[in-house]
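Trainee:
Residue numbers (the working numbering): 86 to 164.
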């Protein structure tokens, strides 16, 4: 089971925000996650990012691979 850390879309039409989640790579974008790891709201200025670094580090240690966008968020957060 290949685990991924990626974004799942929430919010209203044309007002998205995203949850950072850990899930199996075969699950669809908005499928049921294994665990919620934080959120990202690009609609406010500056963009609001809240990440639970302890949980993210746990998943990375278990071999989960972050998506390109999540990798960018982690880099900006200082991980």
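Each residue gets a CB set at the ideal place from its N, CA and C atoms; glycine is no exception.
What separation, rounded to the nearest whole angstrom, lies between the Cα atoms of residue 161 and residue 123?
Mentor: Taking the straight line from one Cα to the other gives about 14 angstroms.
Trainee: Looking at the structure shown, is residue 130 part of a helix, part of a strand, or coil, going by DSSP?
Mentor: Residue 130 falls in the coil class under three-state DSSP.
Trainee: Please report the distance separating the alpha-carbon of residue 136 from that of residue 99.
Mentor: Those two C-alpha atoms are separated by around 23 angstroms.
Trainee: Taking buried to mean at least 16 other C-beta atoms within 10 Å of its own C-beta, is residue 151 buried or exposed?
Mentor: Looking at its Cβ environment, which holds 16 or more other Cβ atoms inside 10 Å, residue 151 is buried.
Trainee: Can you tell me whether residue 129 is buried or exposed? The criterion is at least 16 other CB atoms within 10 Å of its CB, across all chains shown.
Mentor: Residue 129 is exposed by the Cβ-count criterion.
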